[in-house]
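Novice: Those protein sequences? They're chains X and B, same order as listed. Residue 424 is where the first sequence ends in the working numbering, and the numbering goes up by one at each step. Residue 424 is where the second sequence ends in the working numbering, and the numbering goes up by one at each step. For glycine and all other residues, C-beta sits at the position ideal for the given N, C-alpha and C. Quick one: the structure is below, and I'll ask about it shortly.
Protein chains: 2
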Amino acid sequence: MQGAILAVGNELIRGQVFNTTSFWAARELLACGYTIKEILTVPDEKDLIIKRLKEFLEAYNFCLVSGGLGPTTDDITNEAVAAALGRPLVVNEEMVRRIKEREQALNIPHNPLRLRMAELPEGAVLLTNERAMAGYYLKIGEKILFCLPGVPQEFRHLLKTRVLALLEDFLPPSEVIRHRLFKFFGLREADINLKLKEIEDAFPEVSLGYYPVLPEIHVSVLVKAANEQKADEIFSLVRERLEREFGVYIFGYDDDLLEAVIGRLLLERHETLAVAESCTGGLIASRITRIPGSSAYFERGVVTYSNQAKKEILGVPEEALQKYGAVSEPVALAMAEGVRRLARTDYGLSVTGIAGPTGGSPEKPVGTVWIGFSCKEGTVARCFLFPGDRHMVQAYAAETALDWLRRYLRYGTLVPRYQFTCRG
Amino acid sequence: MQGAILAVGNELIRGQVFNTTSFWAARELLACGYTIKEILTVPDEKDLIIKRLKEFLEAYNFCLVSGGLGPTTDDITNEAVAAALGRPLVVNEEMVRRIKEREQALNIPHNPLRLRMAELPEGAVLLTNERAMAGYYLKIGEKILFCLPGVPQEFRHLLKTRVLALLEDFLPPSEVIRHRLFKFFGLREADINLKLKEIEDAFPEVSLGYYPVLPEIHVSVLVKAANEQKADEIFSLVRERLEREFGVYIFGYDDDLLEAVIGRLLLERHETLAVAESCTGGLIASRITRIPGSSAYFERGVVTYSNQAKKEILGVPEEALQKYGAVSEPVALAMAEGVRRLARTDYGLSVTGIAGPTGGSPEKPVGTVWIGFSCKEGTVARCFLFPGDRHMVQAYAAETALDWLRRYLRYGTLVPRYQFTCRG
């Protein structure tokens, strides 16, 4: 079952708004067994829309159009669809009622122009009775055309709640799909790629996608099979294989965030955390606290950017700063141990490094970062040399610190092995 | 001068990687006077690529193809381009040399498959001599076709450094374009929209785009004129009008970040900053420290998530916490004043609030946030009620605190007026 997506809008084609919604839709559709063959963005130009719509309906089983359903004169999707299908525009009384109701509810004067939104191609069936701008679908023989509002939230809501179900009714997929994202951290690209190739060669039903979303690596597993049982069976085999090969490096699946995984582990264990950051500048604390409920396990964070702050807030000894410098093992240890002791938490994490672009030296080049980890077993620190620009060094440092805690919580590893570890 | 963009790749059409690069390119091209009429994404399928390429080269002055230039059997762009143009594939000796050099430099064994990358359509001119995967262009009569690598960084680099200059040489734009993004914070949508409509009605050469990138609002100003002088003249008039109407609410232009604007102002004044955060959880410190050189003006941040931390690190009186609660004027004042005093900085910012989803009450619903500002003139605090979910409340709170500092640095306003201010 193949389809195309046509997104209409001057703001999209001008690059003023990036059309990410169509790509999100393609991913959702694929997970339900529908293959998208073309994703096209065009301006608010009737002739072009008509031309491409005709082609897509000719070539594919279904088509999704987004945008251009509003009341202004720029909004020409309804007219273009009617013209492409050779059907007249007909006033939809249900839409008229909703538009008038909405004007009354919002206490805005009736504007007859708004009724343009109610002139839909003959045969249009509204997708929902919840909203004024509902979107609609049209059956054209065996094929189906969906017209959805361009506003991302509305589009996503209707796709999830209505479009996927209608597709399944009208165009049941010929294959069963299983799709999952495996999220990795801490492995080299080459280490992963070689194994993935082996898995793909072993299972012809499986497509693996390798996506560096640095500092993480995401691997998408797509299984296509003739029936549910076969799909589940193959998916399980691939999953077991991935977990056997990569085990501790897989921190989560699909929408999992590393900071949310850590949060769940800390909650389960009724344990608490404090962090002391220098070069990551609050990034770790900020990631932890974007998770709802993090106040149950996150006690405090300090961003000790200056040496003075390291001494005053964390009790880092002046001597260590003088003798070894702020980016050093003794300072990382003192920060992790200090923040854990002062906050009376189960864990303390610390980061001190040179994010760049300036501040590097031959002995401590940009990217040099010491990370400290403190728990009841003791306090340890390791040196890393992270690649990339300031943002990338900060992102790698924060991710490594958070993953270190995950590895300890999950496997009890006091000093995990990581990519980019250096002698320090 | 009109063009189309064709992005090739299974990972794109499956929605595993969102194709934002094409939209970025459309924006860059528009700013140079080139209009994109279609942005199409297709899978690695030769026949479909050939068909659309032919159409685009027929309909438009130029076409940009991205992706599919690599060495694997999936990479079929070169073959498709050759077939679409009816030209043979020819071995490009320069490419062969670069591939072999790269193999030697990386010390990897020679793989003859990699030489597929050197088989280019007859007439292809390499875009750069810096890299192995160079991209190329082809002249077809008056028209021009660019083939670029799909890797976003490579694509962007080549577009900026080579493609725009070549287009200007071969297809000089017929109109002069001025394009600028104006970045607003702190105004209501309705306040902006009405004025924009007036401006657009007054200047037929101007298209204004209104884009809520919450909590900011971005307004794009696009001027098309027959010559440079006219374009600059109209752009100046619109700019003056916008600055007269909205003045203090415009914090920057184009790629400006609010935290970078503040950084420049603090540097100019040789002044320093410390922040004390509760519900924003390090977001403010993290935004400030992502700017290179921020250590010159940022002394420390503290994320006092627990009441204990507020007392211990900032000296917030136990009494204030007991009597008024952590989300209150006295606590916001004590945090801002405390962090400024302890860090001995010129400015102190504080945020304490209820980001949700839990923790709200009838008197202090989710979204209630107190922000404190401390400077040599004194310490003040104001209460806000921000809309949206946890992330949005955190984003609004951080943005408001940062903008408050900007308004003071730029205009000396001790207590600026903001949207979402409440009685508290």
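(1) Would DSSP call X:G424 helix, strand or coil?
(2) Quick one: list the residues of chain X neighbouring B:S220, beta-carbon separation under 7 Å, in chain order.
(3) Looking only at its own chain, which residues have a Cβ that is under 6 Å from the Cβ of B:L258, when we skip the five neighbours before and after it?
(4) What whole-angstrom Cβ distance do X:L222 and X:S207 have, given they're in contact under 8 Å?
(5) Can you list, in chain order, the residues of its chain with a C-beta nearer than 6 Å to that of X:H218? Leave out the 5 residues immediately preceding and following it.
(6) Under a CB-based cut-off of 9 Å, is B:N10 close to chain X?
(7) Mind checking whether X:T352 and X:S328 have CB atoms under 9 Å apart?
(8) With DSSP collapsed to three states, give me the class of B:H157.
(9) So that I know if they touch, is there some Cβ in chain X lying closer than 9 Å to that of B:P71?
(10) What residues in the stretch 288-319 of chain B bring their beta carbon closer than 8 Å to a beta carbon of chain X?
(11) So does the stretch 406-420 of chain X actually touch the stretch 300-320 of chain X, counting three or more Cβ pairs closer than 8 Å?
(12) Can you give me the C-alpha to C-alpha distance between X:G338 and B:T368, rounded to a whole angstrom?
(13) Should X:Y387 be labelled buried (16 or more other beta-carbon atoms within 10 Å of its own) or exposed?
(14) Pick out the complete beta strand (DSSP E) segments inside the stretch 132-206 of chain B, 3 residues or longer, and give them in chain order.
(15) My understanding is that X:Q419 touches X:A355, with C-beta atoms under 8 Å, so please give their C-beta distance in whole angstroms.
(16) Is B:F298 helix, strand or coil when you go by DSSP?
(17) Could you check how far apart the C-beta atoms of B:F203 and B:E399 are, in whole angstroms? I think they sit under 8 Å.
(18) Here's a check: name, in chain order, each residue in its chain whose Cβ is nearer than 7 Å to the Cβ of X:K224, leaving out the five neighbours to either side.
(19) Can you list, in chain order, the residues of the stretch 366-392 of chain B whose Cβ is nearer than 7 Å to any Cβ on chain X?
(20) Determine, using beta carbons only, whether X:N111 comes closer than 9 Å to chain B.
(21) According to DSSP, what are the bridge partners of X:Y253?
(22) Tell me, please, which residues DSSP counts as bridged to B:A276.
(23) Residues of chain X with a CB under 8 Å from the CB of B:T20: which are they?
(24) Closer than 9 Å by beta-carbon distance: list the chain B residues that pair up with X:A190, in chain order.
(25) Return yes when the Cβ of B:C147 is within less than 9 Å of the Cβ of B:V81, no when it is not.
(26) Considering Cα atoms alone, identify which of B:R239, B:L242 and B:L266 is closest to B:T345.
(27) Can you tell me where the beta strand (DSSP E) holding X:A4 begins and where it ends?
(28) Using a C-beta to C-beta distance shorter than 7 Å, which residues of chain X count as neighbours of B:S505?
(29) Rounded to whole angstroms, what's the CA-CA distance from B:Q16 to B:G33? Just pull it up for me.
(30) Which residues does DSSP list as the beta-bridge partners of B:G372?
(31) Does the stretch 39-54 of chain B come close enough to the stretch 62-80 of chain B to have 3 or more Cβ pairs within less than 8 Å?
(32) Any idea what DSSP makes of B:V65, helix, strand or coil?
(33) Please tell me whether B:P121 and B:L89 are closer than 9 Å, where the distance is taken between their beta carbons.
(34) X:N19 and X:T35: beta carbons closer than 9 Å?
(35) Going straight from the alpha carbon of B:K160 to that of B:A25, what length do you get?
(36) Under DSSP, the alpha helix (DSSP H) around X:V393 begins and ends at which residues?
Specialist: So, from the data block:
(1) Looking up residue 424 of chain X in the first sequence gives position 424. Low confidence applies to X:G424: its pLDDT is 46, below 50, so where it sits in the model is not reliable, and the reading given next is rough at best. In the three-state DSSP reduction, X:G424 falls in the coil class, being neither helix nor strand.
(2) As a first step, residue 220 of chain B is located in the second sequence; it is residue number 220 there, counting from the start. Chain-order list of chain X residues neighbouring B:S220: Q16, by C-beta distance under 7 Å.
(3) Here residue 258 of chain B refers to the residue found at position 258 of the second sequence. Excluding residues up to 5 positions away in sequence, F251 and L402 lie with their Cβ nearer than 6 Å to the Cβ of B:L258 in the same chain.
(4) Your numbering for residue 222 of chain X matches position 222 in the first sequence. Your numbering for residue 207 of chain X matches position 207 in the first sequence. Cβ-Cβ separation between X:L222 and X:S207: approximately 4 Å, consistent with a contact (criterion under 8 Å).
(5) Position 218 of the first sequence holds residue 218 of chain X. Answer for X:H218: L181, K183 and Y211, listed in chain order.
(6) By one-based count along the second sequence, residue 10 of chain B stands at place 10. For B:N10, a Cβ of chain X is located within less than 9 Å of the residue's own Cβ.
(7) As a first step, residue 352 of chain X must be located in the first sequence, where it is residue number 352. As a first step, residue 328 of chain X must be located in the first sequence, where it is residue number 328. Against a cut-off of 9 Å, the Cβ pair of X:S328 and X:T352 comes out as a contact.
(8) Here residue 157 of chain B refers to the residue found at position 157 when the second sequence is read from its first residue. Helix, per DSSP.
(9) Taking the second sequence and counting its residues from 1, the one referred to as residue 71 of chain B is at position 71. No, no contact with chain X.
(10) Correct list: I288, T289, R290, P292, G293, S294, S295, F298, E299, R300, G301, V302, V303, T304, Y305, S306, Q308, A309, E312 and I313.
(11) Short answer: they don't touch.
(12) Working through the first sequence from its first residue, we reach residue 338 of chain X at position 338. Working through the second sequence from its first residue, we reach residue 368 of chain B at position 368. Their backbone Cα atoms lie some 33 Å apart in a straight line.
(13) Mapped onto the first sequence, residue 387 of chain X falls at position 387. For the record, residue 387 of chain X in the displayed sequence is Pro; it is not Tyr. The residue in question, X:P387, is exposed, as its Cβ has fewer than 16 Cβ neighbours within 10 Å.
(14) Taken in chain order, the whole beta strand (DSSP E) runs of length 3 or more contained in the stretch 132-206 of chain B are 136-140, 143-148 and 176-184.
(15) The count along the first sequence starts at 1 and reaches residue 419 of chain X at position 419. The count along the first sequence starts at 1 and reaches residue 355 of chain X at position 355. Wrong, their Cβ atoms sit about 18 Å apart, outside the cutoff.
(16) Within the second sequence, numbered from 1, the residue matching residue 298 of chain B stands at position 298. If DSSP states are grouped into helix, strand and coil, B:F298 belongs with the strands.
(17) Here residue 203 of chain B is taken as the residue at index 203 of the second sequence, counted from 1. Here residue 399 of chain B is taken as the residue at index 399 of the second sequence, counted from 1. That pair is no contact at about 30 Å.
(18) Looking up residue 224 of chain X in the first sequence gives position 224. Residues E175, I177 and E205 of the same chain have their beta carbon placed closer than 7 Å to that of X:K224, with the five preceding and five following residues left out of the count.
(19) Within the stretch 366-392 of chain B, contact with chain X at the beta-carbon level (separation under 7 Å) is assigned to R390 and H391.
(20) Residue numbering aside, residue 111 of chain X sits at position 111 when the first sequence is read from its first letter. No - not a single Cβ of chain B is within 9 Å of the one on X:N111.
(21) If you number the first sequence from 1, residue 253 of chain X lands on position 253. Paired residue(s): X:F182.
(22) For the purposes of this step, residue 276 of chain B is taken as residue 276 along the second sequence, with counting starting at 1. B:V302 and B:S350.
(23) Counting from 1 along the second sequence, the entry for residue 20 of chain B is found at position 20. Neighbourhood of B:T20 in chain X, by CB distance below 8 Å: F18 and T20, in chain order.
(24) Translated into positions along the first sequence, residue 190 of chain X becomes position 190. One finds nothing in chain B with a Cβ atom closer than 9 Å to the Cβ of X:A190; even the nearest lies about 10 Å away.
(25) Along the second sequence, one-based indexing puts residue 81 of chain B at 81. Along the second sequence, one-based indexing puts residue 147 of chain B at 147. Yes, these two residues count as a Cβ contact at 9 Å.
(26) For the purposes of this step, residue 345 of chain B is taken as the residue at position 345 of the second sequence. Nearest to B:T345 by C-alpha distance, out of B:R239, B:L242 and B:L266, is B:L266.
(27) Here residue 4 of chain X is taken as the residue at index 4 of the first sequence, counted from 1. Element bounds for X:A4: Q2 to V8.
(28) As shown, chain B starts at 1 and ends at 424. That puts residue 505 of chain B outside it, with no answer to give.
(29) Residue 16 of chain B sits at position 16 when you count from the first residue of the second sequence. Residue 33 of chain B sits at position 33 when you count from the first residue of the second sequence. Going from the Cα of B:Q16 to the Cα of B:G33 covers about 32 Å.
(30) Here residue 372 of chain B corresponds to residue number 372 of the second sequence, with the count starting at 1. Beta-bridge pairing links B:G372 to B:S350 and B:A381.
(31) Here the stretch 39-54 of chain B lies against the stretch 62-80 of chain B, with 3 or more beta-carbon pairs under 8 Å apart.
(32) Mapped onto the second sequence, residue 65 of chain B falls at position 65. Reduced to three states, the DSSP call for B:V65 is strand.
(33) Sequence index remark: in the second sequence, residue 121 of chain B carries index 121 (1-based). Sequence index remark: in the second sequence, residue 89 of chain B carries index 89 (1-based). Yes, these two residues count as a Cβ contact at 9 Å.
(34) On the first sequence, residue 19 of chain X is found 19 positions in, with the first residue counted as 1. On the first sequence, residue 35 of chain X is found 35 positions in, with the first residue counted as 1. No; because the gap between Cβ atoms is not below 9 Å, this pair is not in contact.
(35) Translated into positions along the second sequence, residue 160 of chain B becomes position 160. Translated into positions along the second sequence, residue 25 of chain B becomes position 25. Spanning the two alpha carbons is a distance of roughly 9 Å.
(36) Taking the first residue of the first sequence as 1, we reach residue 393 of chain X at position 393. Per DSSP, the continuous alpha helix (DSSP H) segment holding X:V393 begins and ends at R390 to Y411.
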